[in-house]
Structure formats: C-alpha cells, structure tokens
Amino acid sequence: QTTLHMFYNTLEDNWPRVEGIGDSFLQVSNNFKFYGPYVNNFKYAREVLFRCQSDEKFNAFLNERTESLNTDLNMLLSLPLNHISGYNTFLRKLMNTFEVGDSEYDALFSAMSVVDETSKFIGNSLAQAENLAHMLRIKHNFELTADVLKIVVETKREYINETYIEFCKGFADNENVKKKQGIIYLFNDICVISKQPSQN
3 QTTLHMFYNT
13 LEDNWPRVEG
23 IGDSFLQVSN
33 NFKFYGPYVN
43 NFKYAREVLF
53 RCQSDEKFNA
63 FLNERTESLN
73 TDLNMLLSLP
83 LNHISGYNTF
93 LRKLMNTFEV
103 GDSEYDALFS
113 AMSVVDETSK
123 FIGNSLAQAE
133 NLAHMLRIKH
143 NFELTADVLK
153 IVVETKREYI
163 NETYIEFCKG
173 FADNENVKKK
183 QGIIYLFNDI
193 CVISKQPSQN
C-alpha cells in the first residue's frame, strides 16, 4: 500500500510526463530483502493452510471471507510473489517510452535490474522452500530432544520421501499381534524411522 501510494503521488506530481517511477522503485527496493524469509516460509504456510482447512469451522470462516472479499487466502499468500513479475513487465514497458541516455531511462533500467535479481532469487528460493516446508512439518510432528531434532531437521540435508509403516511384536499375520503405526522419512543422507509413543 505504501509503495502504491508513493507511485500515485509521483505520477500525480509529474503528469502528463511520467517521471520519477524509476527512482521511487529504487527507494523501496531495500524492502525487497523481506522476500527472503517470506519465500522460505511460503510453501510451509500453504501446507499449514491446507491442513487447517480440514477443520469445518475454520473452512467455513475462510469461505465466508472469500465471498465477502472476492478472493481467497491461498491467492493472497501468492500475491506478493506475483507482484514481482508484474513490476518487471510494467517497468519494461515504461522504459521503452524513454530514449537511451535519458535520466529516467537510466533510473528505470536500474530499477528493472533490481526487480530481475529479486525475481531470480524468488525462483531459486522456491525450490529450497519446498524442502524447508517438509523439514518444518517433520519438526512439528516429532517428539524429540533438542539435540536429536537439530540433527534431523536443522541441517542442510534434503528431504526425499516418506511412507507409513507398521511395527509388529511377533508375526504380522497373527491376529493378536500388537501393532503400532510409524513413518519412515528418507533424506539424501539418512533414514529416520519414527513410531507412535506408548500410551503409558
């Protein structure tokens, strides 16, 4: 909102000549650093949202807000990332209205370079964000000591896959055998086997 307000004031002050947009972008470009933590948590945030939607009351609340706002929360989560690609297109079109060597052309070119770098950073970080989302989900599910938890999820290892398993005391085809549910988590360098805690 602050950025859009700044652009509006810039256009209003210089209309009909469109000037100052490049400099305005460069002024707010320092805020692009916040895309770092946002992108890192983006995949996990969406995963938590989808998990929460299994709750009927929460899902009803979301549907109500979606109808009143004419948008949904999942779309709003993606909006900051979509803005960057929109900025790139806007700046490129605006830059083509000025001649090379014009001060405004140079400012727009610099602004577009910053946006390009931010866009590349987002693209590269989204792949890492998916791995981080898996790690955070596993961290949330595990009941481990801090030292073990750090070894499992707070390193740079890569998540590959997981599957449910059953632990059996005795032969699996015995009807009276005691069974427990568990999960195998496969990483690029280790395999972690977990099971449900005992009732006592």
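Anchor point for the sequence shown: position 176 equals 178 in our numbering, and the numbering is continuous, going up by one each time.
Beta carbons: idealized from backbone N, C-alpha and C, even for Gly.
Task: Backbone secondary structure at residue 190 - three-state DSSP - done: Correct three-state label for residue 190: coil.
Open item on the list: Once DSSP output is grouped into helix, strand and coil, what is the label at residue 195?
Closed with: Residue state, collapsed to three classes: strand.
Open item on the list: To test your reading of the DSSP string, which unbroken alpha helix (DSSP H) runs of 4 or more residues are found completely within the region 35-114?
Closed with: 37-54, 58-71, 75-97
Open item on the list: Just list the residues that DSSP pairs residue 185 with in beta bridges.
Closed with: 166, 196
- [ ] Find out if the Cβ-Cβ distance for the pair residue 54, residue 60 is shorter than 8 Å.
- [x] In contact: residue 54 and residue 60 (Cβ atoms closer than 8 Å).
- [ ] Look at residue 169 and residue 181 and say whether their C-beta atoms are less than 8 Å apart.
- [x] The answer is yes: Cβ separation under 8 Å.
TODO: Could you pull out every residue in the same chain whose Cβ sits closer than 7 Å to the Cβ of residue 86, ignoring the five residues on either side in sequence?
DONE: 117, 120, 121, 124
TODO: Name the one or two DSSP bridge partners that residue 180 has.
DONE: 171
TODO: Kindly say whether residue 139, judged by its beta-carbon, lies nearer than 8 Å to any beta-carbon of chain D.
DONE: The structure shown contains no chain D; it holds only a single protein chain.
Open item on the list: Given this structure, state the Cα-to-Cα distance separating residue 277 from residue 128, to the nearest angstrom.
Closed with: A query on residue 277 cannot be resolved here, the shown segment of the chain reaching from 3 to 202 and no further.
TODO: Assign residue 202 to one of three DSSP states: helix, strand, or coil.
DONE: Legend: pLDDT at residue 202 = 47, less than 50; position of this residue unreliable, value from coordinates given subsequently. Of the three classes helix, strand and coil, the one that applies to residue 202 here is coil, per DSSP.
Open item on the list: Tell me whether the region 69-80 and the region 104-116 touch, counting them as touching only if at least three CB pairs, one residue from each stretch, are closer than 8 Å.
Closed with: Contact annotation: the region 69-80 does not touch the region 104-116, with fewer than three C-beta pairs closer than 8 Å.
TODO: Could you check which residue in 73, 111, 77 has the C-alpha nearest to that of residue 91?
DONE: Checking every option, the nearest Cα to that of residue 91 belongs to 111.
Task: Neighbour-count burial assignment, residue 197, 16 or more Cβ in a 10 Å radius - done: exposed
Task: Pair within 8 Å by beta-carbon distance, residue 136 and residue 166 - done: In this structure, residue 166 does not lie closer than 8 Å to residue 136 by Cβ.
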